[in-house]
Every structure is written in structure tokens, then in C-alpha cells.
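Sequence positions in the sequence shown follow the numbering used here and run 3 to 199. Glycine residues also receive a C-beta, built at the ideal position from the N, C-alpha and C atoms. Report on one structure; see the data block that follows.
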Amino acid sequence: MSKPPNLPSRSPSAVRYVIGLGGNLGDRTLALAEGLRALSGMGALLAVSSLYETDPVGGPPQGPYLNAAALLEAAVAPRRLLEALLVAERTLGRVRRERWAPRRIDLDLLWAGDLIVSEPDLEVPHPRLGERAFALVPLLEVVPDARDPRTGEPYAGVLAGLPPARVRRLGALAGTAAFSRDGAAPWGLGVEAARNP
């Protein structure tokens with residue numbers, strides 16, 4: 003994916019978030035496409051990474067995951083975005099029974115630029131981001147210069163320091179060209195977000 007220079011925000015209150023998408027049950031590609039469709043209703047999708055097939059980390063024995071990342075610009079607080087992501091997961095068939103169990107869809111709030119949030123059930127950046135190649139590789143595809151806001155360390159350096167992991171690039175998700183950073187289209191989060199043509 004080509005990366006244009008940093009684009010100015012469309013809204014003074016908008017935040018650029020990176021959302022990790024993943025799943026390993028059923029039609030994994032369809033689940034990620036539906037996840038992207040849900041994200042498009044929460045803000046402006048500025049970029050979508052390639053699809054990556056990865057081995058599961060933790061939990062019971064299970065099949066490989068498809069993973070991707072999306073750069074989302076939204077005029078909404080992280081707590082509100084997390085709530086919208088959880089609703090989208092449930093709507094798309096996510097059932098939470100066991101930690102790190104197989105799932106149809108996972109929508110994780112991974113990173114939000116310089117923003118740091120530390121609450122009992124919400125941490126930004128994601129508390130295990132620096133340990134997970136399956137999340138860092140797609141994140142760095144949509145934001146190559148991303149840094150850990152707590153330490154200032156580039157995530158590319160963090161990734162280079164991780165043990166080898168199987169993260170196999172499969173190519174673009176069909177239909178995601180419309181979500182490239184070059185051709186971003188505005189979408190709103192419900193009725194409260196202003197649409198900026």
C-alpha cells in the first residue's frame with residue numbers, strides 16, 4: 003500500500019485510531035470485510051492494510067487467523083469507540099466464552115497516535131501491542147512511522163526485536179481500494195459525528 007504524507011485532520015476534534023481486525027472461524031475474509039463495513043460507519047476509513055494469515059497466540063488449540071488493520075479517523079472519544087467496536091463484534095457474530103478462544107471477528111482498538119488511556123477495561127495503546135507481530139505488521143503498513151506514545155520508541159524497532167512469528171501476507175482484501183489513504187471518503191459515527199465533505 004502506498005502511503006501519502008500525513009494528511010490534516012478533517013475535524014479539529016477527530017482522532018486517528020488504528021483498529022486491528024482478526025478472525026479464525028467461518029469465512030474469515032467475509033468476516034473481515036463485514037468488520038470494515040462496520041468501521042466505515044464509525045468514521046472515515048483512511049487506509050486498510052493487506053490481509054495476513056497468522057498462527058493463534060494463546061488459548062485452546064485452534065486454526066490460523068486472518069488479520070488486518072484499518073486507520074480510522076473519528077470525532078469520538080476512545081471509550082465511545084470501544085463501545086461501538088464491541089457492539090459491532092456482537093452484531094457480526096462474536097461470542098465471548100473463553101479468553102483467546104476462536105472467534106469469527108475481533109475488532110481491537112490498537113493505537114491512537116499520541117493518545118494514552120489507562121482505565122480498568124480500556125488501554126490505549128493496546129496493552130499487548132508490543133508483543134504481537136500479528137498486530138504490529140498490519141499497523142505499520144497503515145502507519146509506518148507509528149511510535150509507542152509512552153516511550154517514543156518506533157513500533158518498527160519493537161517489531162524487529164520480537165521473536166520470529168509466522169505472519170504471511172496474502173494481499174489486499176477485495177474492494178478495499180476505496181479505503182486507501184488517497185481516496186478516503188467521509189462516514190459518520192451515528193448521527194453525532196459531523197460529515198465533512
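Using the Cβ count rule (16 or more neighbours within 10 Å means buried), how would you classify residue i?
| i | result |
| --- | --- |
| Gly22 | buried |
| Ser51 | buried |
| Pro140 | buried |
| Leu172 | exposed |
Looking only at its chain, what residues have a beta carbon closer than 8 Å to the beta carbon of residue i, apart from the 5 residues adjacent to it on each side?
| i | result |
| --- | --- |
| Tyr67 | Gly24, Gly25, Asn26, Arg30, Glu55, Thr56, Asp57, Pro58 and Phe136 |
| Asp116 | Pro151 |
Spatial neighbours of residue i within its chain, please: CB distance less than 7 Å, with the 5 preceding and 5 following residues excluded, ordered by chain position.
| i | result |
| --- | --- |
| Arg149 | Glu155, Pro156 and Tyr157 |
Hey, quick one: how far does the alpha helix (DSSP H) through residue i stretch, first residue to last?
| i | result |
| --- | --- |
| Leu38 | Arg30 to Ser42 |
| Ala49 | Looking at the DSSP string, Ala49 is not in any alpha helix (DSSP H); the run it does join, the beta strand (DSSP E), is Ala46 to Val50. |
Per the DSSP calculation, residue i is bridged to which residue(s)?
| i | result |
| --- | --- |
| Arg18 | Glu75 |
| Ala103 | Its beta-bridge partners do not exist; DSSP assigns none. |
Using 8 Å as the threshold, is the C-beta distance between residue i and residue j below it?
| i | j | result |
| --- | --- | --- |
| Leu84 | Met44 | no |
| Pro151 | Val119 | no |
For residue i, which residues of its own chain have a beta-carbon under 6 Å away from its beta-carbon, when the five flanking residues on both sides are left out?
| i | result |
| --- | --- |
| Val17 | Ala114 |
| Leu53 | Leu68, Ala70, Leu172 and Leu175 |
| Ala33 | Gly25, Arg106 and Ile107 |
Quick one: give me the first and last residue of the beta strand (DSSP E) that residue i is part of.
| i | result |
| --- | --- |
| Leu55 | A small fix is needed here, since residue 55 is Glu in this sequence, not Leu. Leu53 to Thr56 is the span of the beta strand (DSSP E), which, as asked, contains Glu55. |
| Leu172 | Val169 to Gly173 |
Say the cut is 7 Å; is the CB of residue i nearer than that to a heavy atom of the ligand ATP?
| i | result |
| --- | --- |
| Gly25 | Of ligands this structure carries none, so the ligand ATP is not represented either. |
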